[in-house]
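Chains as they are written, first to last, in this note's numbering: chain A, -18 to 285; chain B, 54 to 484. All C-beta atoms, glycine included, are put in the ideal place defined by N, C-alpha and C. Nothing here was measured: the structure is a model prediction, and the numbers come from that model.
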Amino acid sequence: MPELPILVIGGGPTGLEATRGISDLGYQVILVDKAEVLGGNPISGDYASITPQLRSAEDSMNDMIAAITDNPLVDQRLATTVVAAQGAAPALKVTLKNGTGEEVLDVGSVIVATGFQHFDPGKETQMYGYYEFDDVITLVDVERMLKGGTFIRPSTGEKPKQVCFIQCVGSRDRQIGNYWCSKVCCGVATKEAIEIRQMVPDCRVFVFYIDMRMYGFWEDELYWKAQEDYKVNFIRGIVTEITKRGDSLLVKGEDTTMGRPMEVLMDVVILSIGMEPSEGSKEMAKIFDIPWSHTVSSRPSAEP
Amino acid sequence: MGDHKYQKWVQKENVVIEGVDISGEWNRMWEPREITSYDLTYMDKVTALPGGESMDWCYQCAQCIPVCPINQVGSYGPRKIARKLQTGMNLFENADLWLCTTCMNCLRVCPKEVDMMKIMPAVREQAILDGNVPAELQEMLQNVAEYGNPMGESVRKRVKWLRNFDGQVRVLTEEENPDPVDVLWYVSDYYSYHPRGNDAARSMVRVFNKLGVDFGILGKEERCDGDSQRLVGEVGLFEQLAEQNDENFQKYSHNRLVVSDPHAYNAFKNFYPKVTGHDYNVEHYTQFLAEQVDAIKDLFTAEFPRKVTFHDPCYLGRHNGEYTAPRTLINAIRGAEFIEMYRIKEQGYCCGGGGGGMWLDSLVADHTTERLSENRVKEAIEVGADVLIVCCPYEVSRFEDAVKSTNNDGKLEVWDIIEIIDLCMGNGAAA
């Protein structure tokens, strides 16, 4: 039984689950989050629902938060950041900072759960025009709309007739240094495709992909369900160009399984942006001296 | 064509190039290659049909394409049809609707269970209702509806093959209060009407006689089994034929129903019960004879010293899982060297006759480089066989034509198994 409490940094799903697990074992936890509320990206990003069950994100997060609230073993520190650390497990001195000042705490170990931030679609090499065209939006923008109980074409406020997702935006890209698959975007996009079809049944939904990466039962729970029950159209080949054509967006790519070029008009284009380490994760890596580079390949160009 | 497209397709009214008239729709090669819309009208229509549901389940793994027999001689397969539908093809009025032979090799490997055996009849039924049916097929359907056989021959001629034939056959429908038989033999259309089928039918009788089989036939009352008609979308006709044949199956007491034709086997075993509510104790003749292979061997007096190979019928093999019975019989033939082809059993290549292919020769020829039967005959020759053994009545004539059309006359003979068994039992008149 460690005498010192365990510090969990980050109050998103990972940090909340870590806190619950540790306190269930009877240990003391100090849970720190820089935000004023717990819940992490699903709350700050206004997610409508959680993949794959499509349960309300707010309900899901509230359940996780309730599981650690009013627990004498859990000391919640919100609007608080970790600014320094000394020593090593099982005895560290960690400096926390909030609006009232700094405090040094003795902790036995630290769990860094500072998570990800959404990829900024202005950085992608294809120039999809996220910041130029109102009707080019991201997975997160869709979540926000769905949470509000609607799915509209931002430029007109009307229900769209034809929309598409473009997968792997900001992921799997050596040129921008993101040499990873973000793992969840295929599932999230497919989930949103289902939700759009539920909300706007007349709207045709297309997903342009390199390969649909459906982990485990997401295959059946999301991909097959979207295809078979919700008539979502999956088309292999990533769109490389979006231009304005009249009031619509013209997406240009190759329909690879037909072996033909493809130029189709869309009312809304949704960029399936991936994940990058959050600013907090970068900070914590420095403070706790966590190895940052990820050697995945002997090829020099794969070095970050 | 999407409205946004600056490049429009061109169709010139009068074009003659090097003496070839390619006016109008024949010169649409100037159409841009770009896909400019994903018009799902016809995909929606297909998936809305009972039986058509699985068309858009395809996730483009492409496993169906290498095993699709049509794709060996053209560009075809469920994956491609699914994509063409997704890009606006009207399958109801497209040749793609009629090229499928329902051989079932695609479904065998399909991880998503996209079922062309259900999709094709469903879409074809609608096409027929819309009046979009190839003329050659329409003629066959009319023949079956009017005469009960695809050849359009009279009902009386169904027993013509029995004339001047000394085999012992009880035509139950001509007897008054006939005694029950052990075997009710369903002769089938091609055995009854086609000259090469007649050879096999007479062989069957002689073999049955030698084995002492207590059997009878329905004679003029027998009707087309209807399975191929069902698969080209004539469900109503199929049901009518099922009722008609069932009436006689019920009327003439028998222990088992032995059929010459794998298509009939499939119909009686898997589809008649849904129409008539009756189950049938049905066997393909190779199954019935394989049970008695020892007795057959004892009756053999002659050898068949030939290099033989065997073509698995799709409707006996993949559709009903029987690969052993015909091989049991072939292996019993004395003196024959049995060489298997490359594409056999579960992976067997289709002869092209199923699913209506038997009556779509010109349409198929317009969209393929060669007939499936021609492709198959070449394989048989390549493995060194000089006899191609079959056990489906569609196949003798199909393959014999293919031997001729591939200029292989004299290199390969096509025999029904029953003809070889008959010959080895000492009947030199066969074939």
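Beta carbon of residue i nearer than 8 angstroms to that of residue j
{"i": "PHE189(A)", "j": "CYS162(A)", "result": "no"}
{"i": "TYR111(A)", "j": "THR119(A)", "result": "yes"}
{"i": "CYS156(B)", "j": "ARG132(B)", "result": "no"}
{"i": "LEU246(A)", "j": "VAL117(A)", "result": "no"}
{"i": "GLY96(A)", "j": "GLY(-9)(A)", "result": "yes"}
{"i": "LEU138(B)", "j": "MET108(B)", "result": "yes"}
{"i": "GLU206(B)", "j": "LEU413(B)", "result": "no"}
{"i": "ILE383(B)", "j": "PHE353(B)", "result": "no"}
{"i": "ASN480(B)", "j": "ARG259(B)", "result": "yes"}
{"i": "THR421(B)", "j": "VAL120(B)", "result": "no"}
{"i": "ASP236(A)", "j": "GLY261(A)", "result": "no"}
{"i": "PRO315(B)", "j": "PRO366(B)", "result": "yes"}
{"i": "ILE191(A)", "j": "GLY89(A)", "result": "no"}
{"i": "PRO203(B)", "j": "ASP168(B)", "result": "no"}
{"i": "TYR28(A)", "j": "GLU124(A)", "result": "yes"}
{"i": "ARG387(B)", "j": "CYS444(B)", "result": "no"}
Within chain B, partners of residue i - CB distance below 8 angstroms
{"i": "PRO242(A)", "result": "ARG86, GLU87, ILE88"}
{"i": "VAL245(A)", "result": "GLY55, ILE88, THR89, SER90, TYR91"}
Enclosing beta strand (DSSP E) for residue i [first to last residue]
{"i": "TYR239(B)", "result": "234 to 239"}
{"i": "ALA69(A)", "result": "62 to 69"}
{"i": "PHE146(A)", "result": "143 to 150"}
{"i": "ARG58(A)", "result": "55 to 58"}
{"i": "ASN214(A)", "result": "214 to 217"}
{"i": "LEU231(A)", "result": "229 to 236"}
{"i": "GLU257(A)", "result": "256 to 258"}
{"i": "ARG216(B)", "result": "Per DSSP, ARG216(B) belongs to no beta strand (DSSP E) and is neither H nor E."}
{"i": "PRO79(A)", "result": "Looking at the sequence provided, one finds Asn at residue 79(A) rather than Pro. It spans 72 to 79 - the beta strand (DSSP E) in which ASN79(A) sits, taken as one unbroken run."}
Per-residue burial, residue i [other beta carbons within 10 Å of its own, 16 or more giving buried]
{"i": "ALA295(B)", "result": "buried"}
{"i": "SER415(B)", "result": "exposed"}
{"i": "TRP273(A)", "result": "exposed"}
{"i": "LEU465(B)", "result": "buried"}
{"i": "THR0(A)", "result": "buried"}
{"i": "THR154(B)", "result": "buried"}
{"i": "TRP468(B)", "result": "buried"}
{"i": "PHE291(B)", "result": "buried"}
{"i": "VAL266(B)", "result": "buried"}
{"i": "SER281(B)", "result": "buried"}
{"i": "SER426(B)", "result": "buried"}
{"i": "PHE198(A)", "result": "exposed"}
{"i": "PRO285(A)", "result": "Bear in mind that the predicted position of PRO285(A) carries a pLDDT of just 43, short of 50, making it too unreliable to give a figure here."}
{"i": "VAL73(B)", "result": "exposed"}
{"i": "ALA483(B)", "result": "Legend: pLDDT at ALA483(B) = 43, less than 50; position of this residue unreliable, value from coordinates given subsequently. Looking at its Cβ environment, which holds 16 or more other Cβ atoms inside 10 Å, ALA483(B) is buried."}
{"i": "ASN67(B)", "result": "exposed"}
{"i": "CYS114(B)", "result": "exposed"}
{"i": "THR94(B)", "result": "exposed"}
{"i": "ALA283(A)", "result": "Reliability fails at ALA283(A), whose pLDDT of 44 lies under 50, so the model's placement of it is uncertain and the value that follows must be treated cautiously. With fewer than 16 Cβ atoms within 10 Å of its Cβ, ALA283(A) is classed as exposed."}
{"i": "ASP40(A)", "result": "exposed"}
Residue span of the alpha helix (DSSP H) that contains residue i, given as start and end
{"i": "ARG178(A)", "result": "166 to 180"}
{"i": "HIS316(B)", "result": "315 to 319"}
{"i": "ALA362(A)", "result": "Residue 362(A) is absent from the structure shown; chain A starts at -18 and stops at 285."}
{"i": "ASN262(B)", "result": "248 to 264"}
{"i": "ARG161(B)", "result": "158 to 162"}
{"i": "GLU222(A)", "result": "No alpha helix (DSSP H) holds GLU222(A); the beta strand (DSSP E) holding it covers 222 to 226."}
{"i": "HIS420(B)", "result": "414 to 420"}
{"i": "PRO(-6)(A)", "result": "-6 to 5"}
{"i": "PHE302(B)", "result": "288 to 304"}
{"i": "PHE324(B)", "result": "Per DSSP, PHE324(B) belongs to no alpha helix (DSSP H) and is neither H nor E."}
Neighbour list for residue i in chain A, Cβ cutoff strictly below 8 angstroms
{"i": "LEU93(B)", "result": "ARG185, LYS212, ASN214"}
Interface partners of residue i on chain B, CB under 7 angstroms
{"i": "ARG217(A)", "result": "GLN113"}
{"i": "ASP236(A)", "result": "ILE88"}
{"i": "MET239(A)", "result": "ILE88, ARG136, THR140"}
Integer Cβ distance of residue i from residue j, believed to fall under 8 angstroms
{"i": "THR226(B)", "j": "LEU271(B)", "result": "5 angstroms"}
{"i": "GLY255(A)", "j": "GLY151(A)", "result": "5 angstroms"}
{"i": "PRO141(A)", "j": "VAL249(A)", "result": "5 angstroms"}
{"i": "VAL99(B)", "j": "LEU144(B)", "result": "6 angstroms"}
{"i": "TYR318(B)", "j": "VAL335(B)", "result": "6 angstroms"}
{"i": "PHE268(B)", "j": "VAL240(B)", "result": "At roughly 11 angstroms, the Cβ-Cβ gap does not stay under 8 angstroms, so PHE268(B) and VAL240(B) are not in contact."}
{"i": "VAL64(A)", "j": "GLU84(A)", "result": "The Cβ separation is near 10 angstroms, so there is no contact."}
Neighbouring residues, chain A, relative to residue i (Cβ below 7 angstroms)
{"i": "ASP332(B)", "result": "None at all; the shortest Cβ gap to chain A is about 33 angstroms."}
Cross-chain neighbours of residue i in chain B, by beta carbon under 9 angstroms
{"i": "GLN208(A)", "result": "ASP109, TRP110, CYS111, TYR112, LYS165"}
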